[in-house]
Structure formats: structure tokens, C-alpha cells
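Enquirer: Just remember that my numbering sits 853 ahead of the position in the sequence shown, which is counted from 1. Just so it is clear, CB atoms sit at the ideal spot from N, CA and C, and this is done for glycine as well. What you are looking at is a predicted structure, and each value in this text was computed from that prediction instead of being measured. Supplied in C-alpha cells, the structure appears directly below.
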Amino acid sequence: MAFQRFDAGRGSLLLPALANGHDHGRYFSPVTFGAVDQPLETWLAALALQPDLDQHLTALAYLTRLARSGVASTMHLHRARPLDVLVDEAADVCAAAELVGLRMAFAVPLQDRNHVAYTCGGAGSTGFGTGLDGVGPPWRPTAVPSVPALMDAVDSIAAAHESPTVTVQYGPLGPQWASDELISAIAEGSARTGRRVHMHLLETRRQREWADAAHPDGLLAHLDRLGLLSPRLSVAHGVWLRAEECALLAERGVTVVVNTSSNLRLRSGVAPVGALLDAGVDCAMGLDGATLDDDGDAFRELRLLYLLQAGDGLDPRLTTEQLFRAAVDGGARAVHGGRGPWGLEPGAAADVVVLDREALTRDVLPASQDDLPLLLSRVTSSSVRHLWVAGRPVLRDGTVLGVDEEAVVAELRARQAGLPAVDPRAAALPQLQEDLLQHYRTAQHRRRQGG
Ligand SMILES: [Zn+2]
854 MAFQRFDAGR
864 GSLLLPALAN
874 GHDHGRYFSP
884 VTFGAVDQPL
894 ETWLAALALQ
904 PDLDQHLTAL
914 AYLTRLARSG
924 VASTMHLHRA
934 RPLDVLVDEA
944 ADVCAAAELV
954 GLRMAFAVPL
964 QDRNHVAYTC
974 GGAGSTGFGT
984 GLDGVGPPWR
994 PTAVPSVPAL
1004 MDAVDSIAAA
1014 HESPTVTVQY
1024 GPLGPQWASD
1034 ELISAIAEGS
1044 ARTGRRVHMH
1054 LLETRRQREW
1064 ADAAHPDGLL
1074 AHLDRLGLLS
1084 PRLSVAHGVW
1094 LRAEECALLA
1104 ERGVTVVVNT
1114 SSNLRLRSGV
1124 APVGALLDAG
1134 VDCAMGLDGA
1144 TLDDDGDAFR
1154 ELRLLYLLQA
1164 GDGLDPRLTT
1174 EQLFRAAVDG
1184 GARAVHGGRG
1194 PWGLEPGAAA
1204 DVVVLDREAL
1214 TRDVLPASQD
1224 DLPLLLSRVT
1234 SSSVRHLWVA
1244 GRPVLRDGTV
1254 LGVDEEAVVA
1264 ELRARQAGLP
1274 AVDPRAAALP
1284 QLQEDLLQHY
1294 RTAQHRRRQG
1304 G
């Protein structure tokens, strides 16, 4: 069982640390630069205007916040970048993970089509003579790297930065954003080397509609024919998965990472967690840089996942054991492929979080001190006191040991304050978002070119 309670008296509560199965390593929320909550497809257009800030400082601040939230392992799917920039930023992020001391998978973003909008056609043009055809950087890159160049980038980043706690994964951004040639190369590379794969899948209604139009015989069956579905694959979201697709994912041993707050904030929906568990799919929990209060609080995310998925029956649709298995074992499997359970074992190099039990129980009568209901109803980041990762202390008395968090955040804020007040590229955003709405409202994402 994933959840084991070690009652260390009234003072503290020890748990296996949480694992964040899907994230992107942003410290400043998209809301801070104008990418406010809205449907994913227009939000992504706003997200492209994310300011360029030092990636080492950004990752230090973001990983430190995760540590203070009781997270020991995290999936970092980096933003799509030109390859030379990507290689440099991978170095910055991986070095930050080593300094903070968290386990991290750096998923290398891989995309070679549909940069602006989903289409059923070829490499990039919408092909419909709409306003989207003329869109350039930062939304559509001036040059799209070849599949061999993308695969080489993964190999070189892995060769330079893998360690006992940092691994590198293939990160195809999603089936609508990766060609069959790219998916096949990833599947082949993963089977040959054992390298894991992390990908967005069926996050929104528009992606479901695109998948049904582009693959009338079934997107999941198609990905399976390309060899992508395996125990080495974890997929984020899966909000729009159907029962037969859940069964196929279970059969292939794929992990599905559920991102509850993000799916609510970006109007994607609610993941079918009950159906996934019924089918036997391993689930994990992710923060996806968009938690309920925009603060990266992993325990609050855990609570929202539980409340939203427990259902309205007399018995919970999601049990607390399944919840903790997802938030601990599932995420750890997505990040580093380890098989749980990740309970606390004497002598093991464990990932352990210690909560301030005294603060949690201050108003609780001694006779009713069962810790699990307290854990589910009131723990937040503010309850986290210590964290050990791989047996090493990372957080002590709420302070991260490897990094001067105050100095890092102060420097990052100073750099943020030094950015130009207005990004000149932002002038084009409203029209682009209007054109995107028109694209999806008129079902251009479902139109097969030539058909
Ligand atoms: Zn994501």
C-alpha cells in the first residue's frame, strides 16, 4: 500500500513524498504575463508570449517551491524552443534539479507540425486560406527541425545531464503536434534504449474532434500500430478518453497523469478517473503549472482530485488508497519508471515528507485523531516541514538546504521587473485568438484536406 502512516507522536506525520507526474517548470504563472484562464487553444497562443527569463533561476525557484510542497519527483516537459536554445536551457534546468536535490525527468519537447492550430493535413499550413496561414514566430517557428535532428537533441541532452536523480525522456508534445514519422522514431528509440516517453493526450474537446477526424479508425489504435503504447509511456490529461481506449492503455501498461486544476482552468473538462481505474490503468497526479490557487500547492491538488472524483455514491468512486497510489507511485513511475509501492522501508533511500502534525491537530479532540481525514481535509504546502529525497535531506524546517531561495526569487523578480512593459508581439494576439476561435467554431480542425 502506498500510504503508510508513521505516527511520530502529536508533533509530526511522516508520509512517502508526492510525485508530480506532469509539469512545465514555470515559476511565474501564465496569469502574470496575460495568459489568463480560457480554453486551451487560445490560451496556448497567449502562452507563446511567455517572457524569456533565465532558465536556471526559474528552475531553481520552481523546484524549491515544489520541495516546499512535499514533492520529491517531478516531470518537467520543457517548452518548445529552437534546438540550440533548448540544449542550453536543458543544461540550466538539469543543473537546478541537482542543486535543489529533487528527482526530475527532463522531457525534451518534440514537435514538427500544427504549430498554430490543429489540422488534419500536412506539416503546418492550415491549408484553408484563413488568417492563420500567415502567422509567424513566436507562434510558428521559421524552421521546423528534421526528425533526426530532434532525436539527436534528445540523445545529446541525455548524454550530458543524466544522473542517478535526473533522467531524460522523449517529450512529443501531443499526437496533433507530432507527425507519424516523429512518433515512429520515438517509439523505435524508446524500445531500443528503454528511454521513457511523456506526451499530452486528448486534453480538450477540440483534440478529441481532431483525433476522430484525422484517425477514423481510432487515434489510440494508430499510436499502438506505430509502437508508442508501452509501459515506458506516460500521457498527461486523457480527459476525452473513451472506455475502449482506457482498456487499450491498461493492456499496454501506459500511465495516465491527471491534472485536475489545469483541466478546470483551461476548460478541458474532468478526466474519467473512475473509468481509467476500472479498466486497470495506472493513474498519476500532475500540477501542470496551473493549480487551483495558482500557487503550486500539491496537497491542495490532491484534495481537489479526491473531492472531484470520489463521486456521489455511498462508496467513494476513488478510494483514498487509489488516491495516494496515484499521487505517490503513479507519479514516480511516470518520472523515473520505478515500480512501487513507494512506502517507507527501513534502510531504503526513501522519499519522505514530514508534516507539522501539531498545527494540523491543534483544535482536534484527542479521541478523534485519525490522521487520514485530516490529511485529506486540511493539509497544504504550509504543513510541510521536512523533505528527504533519495535518502538525502532537501528541506529542513521549511527551508530548502541546497539553494538560497530568497536570493533566487529576489533576483528573478528583479529580472522580471526589468522586462519591457509591453511585448510588441502582443499586438498581434487578439486577432490571432479571433482567427483561432473561427478555425475551431467552423470545424476546420475536423476537415480532411482534399476530402
Ligand atoms: Zn501540460
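Taking the continuous alpha helix (DSSP H) assigned at residue 1014, which residues delimit it?
Expert: As a first step, residue 1014 is located in the sequence shown; it is residue number 161 there, counting from the start. Looking at the DSSP string, the run of the alpha helix (DSSP H) that includes residue 1014 is 1000 to 1014.
Enquirer: Quick check: the region 1273 to 1283 against the region 1239 to 1247, are there 3 or more CB pairs under 8 Å?
Expert: No, they do not touch.
Enquirer: Provide the residue span of the beta strand (DSSP E) that contains residue 1241, from first to last.
Expert: Walking along the sequence shown from the start, residue 1241 turns up at place 388. Where residue 1241 is concerned, the enclosing beta strand (DSSP E) stretches over 1237 to 1242.
Enquirer: So is the beta-carbon of residue 930 under 7 Å away from any non-hydrogen atom of ligand 1?
Expert: Along the sequence shown, one-based indexing puts residue 930 at 77. For ligand 1, at least one heavy atom lies less than 7 Å from the Cβ of residue 930.
Enquirer: Check each candidate in 962, 996, 1264 and name the one with the smallest Cα separation from residue 1010.
Expert: Position 157 of the sequence shown, counting from 1, holds the residue named residue 1010. When only C-alpha atoms are compared, the closest one is 962.
Enquirer: With DSSP run on the structure shown, which of helix, strand or coil describes residue 1147?
Expert: The residue given as residue 1147 occupies position 294 in the sequence shown. Looking at residue 1147 - three-state DSSP - the assignment turns out to be coil, as it is neither helix nor strand.
Enquirer: Quick one: using the 10 Å Cβ neighbour count with 16 as the cut-off for buried, is residue 883 buried or exposed?
Expert: Start at 1 with the first residue of the sequence shown, and residue 883 comes out as number 30. Buried, by the Cβ-count rule.
Enquirer: So the candidates are 1181, 1077, 1014; which of them puts its Cα closest to the Cα of residue 1154?
Expert: Translated into positions along the sequence shown, residue 1154 becomes position 301. The shortest C-alpha separation from residue 1154 is found at 1181.
Enquirer: Looking only at its chain, what residues have a beta carbon closer than 8 Å to the beta carbon of residue 1006, apart from the 5 residues adjacent to it on each side?
Expert: For the purposes of this step, residue 1006 is identified with residue 153 of the sequence shown, where counting begins at 1. If we look at residue 1006 and ignore the five residues flanking it on each side, its Cβ neighbours are 936, 939, 940, 961, 998.
Enquirer: Which residue from 1191, 1229, 1235, 1197 puts its Cα closest to that of residue 1212?
Expert: As a working note, residue 1212 is residue 359 in the sequence shown. Considering only alpha carbons, the answer is 1235.
Enquirer: For residue 977, which residues from the same chain have a beta carbon less than 8 Å from its beta carbon, with the 5 sequence-adjacent residues on both sides left out?
Expert: As a first step, residue 977 is located in the sequence shown; it is residue number 124 there, counting from the start. Confidence in residue 977 is poor, its pLDDT being 48 and thus under 50, which makes the residue's placement unreliable; the coordinate value appears in the next sentence. So the list reads 966, 967, 968, 969, 993, 997, once near-sequence residues are dropped.
Enquirer: Please check the pair residue 1089 and residue 1110, which I expect to be a contact at CB under 8 Å, by giving their CB distance rounded to whole angstroms.
Expert: As a working mapping, residue 1089 is identified with position 236 in the sequence shown. As a working mapping, residue 1110 is identified with position 257 in the sequence shown. That pair is a contact at about 5 Å.
Enquirer: Determine, using beta carbons only, whether residue 1071 and residue 1052 come nearer to each other than 8 Å.
Expert: Numbered from 1 along the sequence shown, position 218 holds the residue referred to as residue 1071. Numbered from 1 along the sequence shown, position 199 holds the residue referred to as residue 1052. Contact flag unset, no.
Enquirer: Are the beta-carbon atoms of residue 930 and residue 989 separated by less than 8 Å?
Expert: Locating residue 930 in the sequence shown gives position 77, where the first residue counts as 1. Locating residue 989 in the sequence shown gives position 136, where the first residue counts as 1. Cβ distance not < 8 Å, so residue 930 and residue 989 don't count as in contact.
Enquirer: Where does residue 888 sit, in a helix, a strand or coil, going by DSSP?
Expert: The count along the sequence shown starts at 1 and reaches residue 888 at position 35. Residue state, collapsed to three classes: coil.
Enquirer: I'd like to know whether the C-beta atoms of residue 1137 and residue 878 end up nearer to each other than 8 Å.
Expert: As a first step, residue 1137 is located in the sequence shown; it is residue number 284 there, counting from the start. As a first step, residue 878 is located in the sequence shown; it is residue number 25 there, counting from the start. No, the Cβ-Cβ distance between residue 1137 and residue 878 is not below 8 Å.
Enquirer: Across which residues does DSSP place residue 1136 in a beta bridge pair?
Expert: The count along the sequence shown starts at 1 and reaches residue 1136 at position 283. Its beta-bridge partners are 1109.
Enquirer: Given a cut-off of 8 Å, decide if residue 913 and residue 952 are closer than it, judged by their beta-carbon atoms.
Expert: Numbered from 1 along the sequence shown, position 99 holds the residue referred to as residue 952. Numbered from 1 along the sequence shown, position 60 holds the residue referred to as residue 913. In this structure, residue 913 lies closer than 8 Å to residue 952 by Cβ.
Enquirer: Going by C-alpha to C-alpha distance, which of 1220, 1126, 1112 sits closest to residue 1103?
Expert: The sequence position of residue 1103 within the sequence shown is 250, counting from 1. When only C-alpha atoms are compared, the closest one is 1126.
Enquirer: At 3 residues or longer, and completely inside the region 902 to 934: list those beta strand (DSSP E) runs for me, N to C.
Expert: Counting whole runs of 3 or more residues, the region 902 to 934 contains the beta strand (DSSP E) stretches 924 to 930.
Enquirer: Can you tell which of 1142, 1229, 1058, 1021 has its C-alpha closest to the C-alpha of residue 885?
Expert: Numbered from 1 along the sequence shown, position 32 holds the residue referred to as residue 885. Closest option to residue 885, Cα to Cα, is 1142.
Enquirer: With a threshold of 7 Å, establish whether the CB of residue 1147 neighbours any heavy atom of ligand 1.
Expert: In the sequence shown, the residue the question calls residue 1147 occupies position 294. Result no, Cβ not under 7 Å from ligand 1.
Enquirer: What is the rounded straight-line gap between the Cα of residue 1015 and the Cα of residue 1095?
Expert: What you label residue 1015 is simply residue 162 of the sequence shown in a count that begins at 1. What you label residue 1095 is simply residue 242 of the sequence shown in a count that begins at 1. Answer to the nearest angstrom: the Cα atoms are 36 Å apart.
Enquirer: From what residue to what residue does the alpha helix (DSSP H) around residue 1177 run?
Expert: As a working note, residue 1177 is residue 324 in the sequence shown. Where residue 1177 is concerned, the enclosing alpha helix (DSSP H) stretches over 1173 to 1177.
Enquirer: Which residue from 950, 894, 1189 puts its Cα closest to that of residue 1058?
Expert: Here residue 1058 corresponds to residue number 205 of the sequence shown, with the count starting at 1. Nearest option by C-alpha distance: 894.
Enquirer: Would you mind giving the Cβ-Cβ distance between residue 1139 and residue 876, rounded to the nearest angstrom? I have them listed as a contact below 8 Å.
Expert: Counted from its first residue, the sequence shown places residue 1139 at position 286. Counted from its first residue, the sequence shown places residue 876 at position 23. Going by Cβ atoms, the distance from residue 1139 to residue 876 rounds to 6 Å, so yes, they are a contact pair.
Enquirer: For residue 964, report the span of its beta strand (DSSP E) as first-last.
Expert: Here residue 964 corresponds to residue number 111 of the sequence shown, with the count starting at 1. Unbroken run through residue 964: none, as it is neither H nor E.
Enquirer: Tell me which residues share the same chain as residue 1272 and place their Cβ nearer than 6 Å to its Cβ, disregarding the 5 neighbours each side in the sequence.
Expert: Counted from its first residue, the sequence shown places residue 1272 at position 419. So the qualifying residues of the chain are 904.
Enquirer: Nearest to residue 1229 by CA position, among 1172, 1156, 1134, 1130, is which residue?
Expert: The residue given as residue 1229 occupies position 376 in the sequence shown. Selected option, being the one with the closest Cα: 1156.
Enquirer: Strictly by DSSP, which residues pair up with residue 959?
Expert: Here residue 959 refers to the residue found at position 106 when the sequence shown is read from its first residue. For residue 959, which the question treats as bridged, DSSP gives the partners 929, 1021.
Enquirer: Note down the Cα distance separating residue 1067 from residue 1158, rounded to an integer number of angstroms.
Expert: Counting from 1 along the sequence shown, the entry for residue 1067 is found at position 214. Counting from 1 along the sequence shown, the entry for residue 1158 is found at position 305. Roughly 31 Å between the two C-alpha positions.
Enquirer: So does residue 1089 have its beta carbon nearer than 7 Å to some heavy atom of ligand 1?
Expert: For the purposes of this step, residue 1089 is identified with residue 236 of the sequence shown, where counting begins at 1. Answer for residue 1089: yes, Cβ within range of ligand 1.
Enquirer: Per DSSP, what kind of secondary structure is residue 877 in: helix, strand or coil?
Expert: Counted from its first residue, the sequence shown places residue 877 at position 24. In the structure shown, residue 877 sits in coil (DSSP, three-state: anything other than H, G, I, E or B).
Enquirer: Considering residue 1053, what are the terminal residues of the beta strand (DSSP E) in which it resides?
Expert: Taking the sequence shown and counting its residues from 1, the one referred to as residue 1053 is at position 200. Here the beta strand (DSSP E) through residue 1053 covers 1050 to 1054.
Enquirer: Is it true that the CB of residue 1038 sits closer than 8 Å to the CB of residue 1189?
Expert: The sequence position of residue 1189 within the sequence shown is 336, counting from 1. The sequence position of residue 1038 within the sequence shown is 185, counting from 1. No; because the gap between Cβ atoms is not below 8 Å, this pair is not in contact.
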